[in-house]
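A short worksheet on the structure shown next.
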């Protein structure tokens, strides 16, 4: 994709930021930005300052995908997803991927392979979502869930997972986007 010929499209300059609310998992900030080519153009924008996240595709020796189902408070309903979670401060995302897989499912496997990272929601979130694949995944232990987690684990053929996306059973946007990275990896595109 080529960039526009117009050289006036350049990043705006952050002037100041103020934390409006601090929660356990993110800070809501008001940020003042100014256009560098026209200082008269500025605005205040809401930005969610969040740690990075990981998603992990765990594929069993039978070529099945390990999925989880859990209640999501944001939508007030159940959600079928791939395992994942927040990257702890100072933790390598690959380490997080293996840790979250083990904690949420009891599965472990190969060393995590990075499929890439994407912006969670570039309009309002400043973090990245790192997606990994772990092959030869097998149950090695019991789940080690956080206090507010109740997770059901299921293994389905990859083709069934795609049907679950098409039918709306898998509807988490970051998970659906992650399937693009998985498809590229399986096709040898990176």
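Residue numbers (the working numbering): 3 to 192. Where is the CB? At the ideal position from N, CA and C, for every residue including glycine. Just so you know, these numbers come straight off a predicted model, no measurement behind them.
Based on Cα-Cα distance, which residue from the options lies nearest to residue i?
i	options	result
residue 115	135, 121, 167	135
residue 178	58, 12, 51	58
residue 105	75, 63, 155	155
residue 61	139, 175, 91, 170	139
residue 53	34, 46, 86	86
residue 94	84, 113, 141	113
residue 107	120, 151, 89	151
residue 39	11, 168, 49, 184	11
residue 64	158, 176, 167	158
residue 89	36, 129, 78, 162	129
residue 98	153, 41, 133	133
residue 121	17, 176, 48	176
residue 34	18, 25, 41, 26	18
residue 27	91, 77, 165	91
residue 174	48, 41, 145, 76	76
State the beta-bridge partners of residue i as determined by DSSP.
i	result
residue 52	DSSP output for residue 52 lists no bridge partner at all.
residue 165	None, per the DSSP bridge assignment.
residue 119	132
residue 44	36
residue 81	72
residue 1	Examination of residue 1 is not possible in this model, given that the chain is present from 3 through 192 alone.
residue 140	110
residue 87	56
residue 20	32
residue 26	Partner(s): none; residue 26 has no beta bridge.
Are the beta-carbon atoms of residue i and residue j separated by less than 7 Å?
i	j	result
residue 55	residue 131	yes
residue 67	residue 118	no
residue 36	residue 15	yes
residue 127	residue 50	yes
What distance in whole Å lies between the Cβ atoms of residue j and residue i, which are believed to be in contact at a cut-off of 8 Å?
i	j	result
residue 20	residue 32	5 Å
residue 147	residue 153	6 Å
Excluding five sequence neighbours on each side, which residues of the same chain lie with their C-beta closer than 8 Å to the C-beta of residue i?
i	result
residue 80	71, 72, 73, 74
residue 23	29, 30
residue 110	100, 103, 104, 136, 139, 140, 142, 143
residue 163	67, 69, 172, 181
residue 13	38
With a CB to CB cut of under 6 Å and the five nearest residues on each side skipped, what residues in its chain are close to residue i?
i	result
residue 82	69, 71, 171, 172
So, at 7 Å on beta carbons, what are the nonlocal neighbours of residue i in its own chain, with the 5 sequence-adjacent residues on each side left out?
i	result
residue 125	none
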